[in-house]
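When we follow this note's numbering, the leftmost residue of the sequence shown carries the number 424, and every step to the right adds one. All C-beta atoms, glycine included, are put in the ideal place defined by N, C-alpha and C. If you're wondering where the values come from, they're calculated on a predicted model, not measured in any experiment.
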Amino acid sequence: MRTSQQSSPVPGPRGSLVFGSGLDFRRDALPVYVRAMREYGDVVCWRIGPPLLGIDIYGVFHPEGVRQVLSAQAPYSKQGRLNSELIAVLGDSIFTTEGDVWRAQRRTLQPLFTRRRVESYAPAIAEAADEVTMRWRQIAHSGGEVELHAEMTRCALDIVGRALFGDAVEEAVPVFERFLPLASDQVLRRGTSPVPLPRWLPTPRARKTTAAQSAAFRLVDKLIASGPSPRGDTLLDLLYEARDPETGHALDARAMRDQVMIFLAAGHETTATALTFVLYLLGSHPETQERVRDECAAVLGGRPAAGPDLARLSTTTMVAQEALRLYPPAYALSRSARTDHEIDGHAIPAGSLVLLSPWATHRHPEFWPDPERFDPDRFEASAESGRHRYAWFPFGGGPRTCVGLHLAMAEIVTVTAAIIQAYELSCPPERPPLAAAATLRPAAPVRCRLKAV
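What follows is the structure in structure tokens.
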């Protein structure tokens, strides 16, 4: 990152006369980010739409620029089209609120996701992982294949459902299996459409999404109204008890529902993608898979991983970190500039949309040699010590770092350990095609052959 006494124009591709770079983003945003970073530098401007009528979008790729945008003092807001669509479909949660409302929610919810608290969710994670290994036994016996993304989506939703609802998980999971894909599709379509249709227009897709949303809201409202569970050990139970440590205020029923909705949506989709690619990478790198299996045998000896074990599963954790580097589920983050700002000597005008891309920054040549190579040893302590904090940010950063990051890492490592202790995985070496939807996901089935160990 250079310094400058005078702002300079922001470089970037010209794109087409009519659409600018808009069609490139719609075709496949992932190479757009990386190509812009490599060809134009650490701050890039794309024109979307025709001259005079289009908008400028600024990409910031260097970790120091990322830090500036995500810091507590940065003049940036989450408000924008995508945020508005998230609120419309899932409610106004810790993920979408800002200012004093967000700070109160963060203070209230943070204690539910500390490292120590996450250990209490270990049984729910272990039960879901055990169901996966049991379900795969007959397939492995016959030398068959599984489709990793479908299996990990089911597993991740089962985990967050168990953690939230306990014994009510069987009732909840089918409802959210219908609703969440529709919600994700609606947020992406409407959030990126130049002229979205009015929400009240009763198109077949809108009616289907609204019906599924109503069913999900009714279920969560019913579970909240029923009060704490008999055992009192679910995340929903903790939401009843949660208080803002500064004001003593509790969450009302609407706020509880909104938090539950984002926990389910964000907590299963991103974790499912991360688990899919962890297992794919292990299945296509047998030597690393053996390293993980040896570590699990030494630390766990065939039993499920519990909270205290996670710190000892260092190789498994490094594999998860490298998978999140190569395939960050939140591949891009957006912010709106509240005031004029400068990054790396370039002026960012007030009102501009700024994009940060973990997908691109995780491939920045200054920090990641041979960036497409799978190498978990990049995350050894000695390698990490000299690396910029924001060279790797799959969970965001600054005060709005994902509140559930410890839970997500616990899920990824625990499920991976359970599967690797039970099965030898074999995946084709070719990278699955990718879809940059609301989150990153495979665009085709991710096949994996199983062999019991």
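Checklist entry - Is there contact between the region 805–820 and the region 485–497, where contact requires at least three CB pairs shorter than 8 Å? => result A contact exists between the region 805–820 and the region 485–497.
Item to check | Closest by C-alpha distance to V643, when choosing among P436, A728, G514, E795 | outcome: Within the sequence shown, numbered from 1, the residue matching residue 643 stands at position 220. By alpha-carbon distance to V643, the top candidate from P436, A728, G514, E795 is G514.
Next on the checklist: Looking at the secondary structure, which residues open and close the alpha helix (DSSP H) in which K631 lies?
Outcome noted: Sequence index remark: in the sequence shown, residue 631 carries index 208 (1-based). Per DSSP, K631 is one residue of the alpha helix (DSSP H) stretching across 627–648.
Checklist entry - First and last residue of the beta strand (DSSP E) that includes E570? => result Locating residue 570 in the sequence shown gives position 147, where the first residue counts as 1. Unbroken beta strand (DSSP E) run through E570: 568–570.
Item to check | Proximity to D660 [Cα-Cα], best of M679, D667, H672 | outcome: Sequence index remark: in the sequence shown, residue 660 carries index 237 (1-based). Checked all of M679, D667, H672; the closest Cα to D660 is M679.
Checklist entry - In terms of DSSP beta bridges, what is C468 paired with? => result To locate residue 468, count along the sequence shown from 1; it is residue 45. When beta bridges are read from the DSSP output, C468 appears opposite Y481.
Checklist entry - Going straight from the alpha carbon of T626 to that of Y754, what length do you get? => result What you label residue 626 is simply residue 203 of the sequence shown in a count that begins at 1. What you label residue 754 is simply residue 331 of the sequence shown in a count that begins at 1. About 30 Å.
Checklist entry - Counting pairs of Cβ atoms below 8 Å between the region 712–719 and the region 670–690, do you hit three or more? => result Judged by Cβ distances under 8 Å, the region 712–719 makes no contact with the region 670–690, as fewer than three pairs qualify.
Next on the checklist: Within the continuous beta strand (DSSP E) that includes Y846, where are the two ends?
Outcome noted: To locate residue 846, count along the sequence shown from 1; it is residue 423. Here the beta strand (DSSP E) through Y846 covers 846–849.
Item to check | Contact with chain C by V722, beta-carbon distance below 8 Å | outcome: In the structure shown, chain C cannot be found, because there is only a single protein chain.
Next on the checklist: Rounded to the nearest angstrom, what separates R761 and P851 at their Cα positions?
Outcome noted: Within the sequence shown, the letter at position 338 stands for residue 761. Within the sequence shown, the letter at position 428 stands for residue 851. Going from the Cα of R761 to the Cα of P851 covers about 47 Å.
Checklist entry - By DSSP, does I842 sit in helix, in strand, or in coil? => result Here residue 842 is taken as the residue at index 419 of the sequence shown, counted from 1. In the structure shown, I842 sits in a helix (DSSP, three-state: H, G or I).
Item to check | Extent of the continuous alpha helix (DSSP H) run through P498 | outcome: Numbered from its first residue, the sequence shown carries residue 498 at position 75. First-last for P498: undefined, no H or E at that position.
Next on the checklist: From the DSSP secondary-structure annotation, give me the bridge partner or partners of H764.
Outcome noted: Translated into the one-based positions of the sequence shown, residue 764 becomes position 341. Looking at the DSSP assignment, H764 forms a beta bridge with I771.
Checklist entry - Using CA coordinates, which residue listed in Y544, F802, L687 is at the minimum distance from Q744? => result Translated into the one-based positions of the sequence shown, residue 744 becomes position 321. It is F802 whose Cα lies nearest to the Cα of Q744.
Item to check | Residue ranges of each beta strand (DSSP E) within the region 747–826, 3 or longer | outcome: As far as the region 747–826 is concerned, its whole beta strand (DSSP E) runs of at least 3 residues are 756–760, 764–766, 769–771, 776–779.
Checklist entry - Looking at C-alpha atoms only, which residue of Y663, T633, P653, Q636 is the closest neighbour of I647? => result In the sequence shown, the residue the question calls residue 647 occupies position 224. Just measuring C-alpha positions, the residue of Y663, T633, P653, Q636 sitting nearest I647 is Y663.
Item to check | Where A875 sits in the DSSP three-state scheme | outcome: Within the sequence shown, numbered from 1, the residue matching residue 875 stands at position 452. For A875, the secondary structure class from DSSP, reduced to helix, strand or coil, is strand.
Next on the checklist: Judging by CA-CA distance, which residue of T837, G819, A563, V869 is the nearest neighbour of A495?
Outcome noted: Your numbering for residue 495 matches position 72 in the sequence shown. Check the Cα spacing between A495 and each of T837, G819, A563, V869: the tightest is with G819.
Checklist entry - Just the Cα atoms here: how many angstroms apart are L747 and A695? => result Counting from one through the sequence shown, the residue named residue 747 turns up at place 324. Counting from one through the sequence shown, the residue named residue 695 turns up at place 272. Rounded to the nearest whole angstrom, the C-alpha separation of L747 and A695 is 12 Å.
Checklist entry - Can you round the beta-carbon distance between H787 and M460 to whole angstroms, since I take them to be within the 8 Å contact cut? => result Translated into positions along the sequence shown, residue 787 becomes position 364. Translated into positions along the sequence shown, residue 460 becomes position 37. With a beta-carbon spacing of about 7 Å, H787 and M460 fall inside the 8 Å limit used to define contacts.
Checklist entry - Does the Cβ-Cβ distance between R530 and I517 come in under 8 Å? => result The residue labelled residue 530 in the question sits at position 107 within the sequence shown. The residue labelled residue 517 in the question sits at position 94 within the sequence shown. Result no, Cβ atoms of R530 and I517 do not sit closer than 8 Å.
Item to check | Nearest to K501 (by Cα), restricted to the options L863, L723, S757, L828 | outcome: By 1-based counting over the sequence shown, the position of residue 501 is 78. Comparing alpha-carbon positions, the option among L863, L723, S757, L828 lying closest to K501 turns out to be S757.
Item to check | Three-state class that DSSP yields for S431 in the structure shown | outcome: Indexing the sequence shown from 1 puts residue 431 at position 8. Strand at S431.
Item to check | P865: first and last residue of the uninterrupted alpha helix (DSSP H) it sits in | outcome: The residue given as residue 865 occupies position 442 in the sequence shown. Segment 863–865 is the beta strand (DSSP E) holding P865; no alpha helix (DSSP H) there.
Item to check | Spatial distance of M832 from D763 (CA atoms) | outcome: Within the sequence shown, the letter at position 409 stands for residue 832. Within the sequence shown, the letter at position 340 stands for residue 763. Going from the Cα of M832 to the Cα of D763 covers about 37 Å.
Checklist entry - DSSP three-state call for S439: helix, strand or coil? => result Locating residue 439 in the sequence shown gives position 16, counting from the first residue. Of the three classes helix, strand and coil, the one that applies to S439 here is strand, per DSSP.
Item to check | Paired residues, beta bridge with A552 - DSSP | outcome: On the sequence shown, position 129 is the one that residue 552 refers to. DSSP, once it has assigned bridges, lists no residue as partnering A552.
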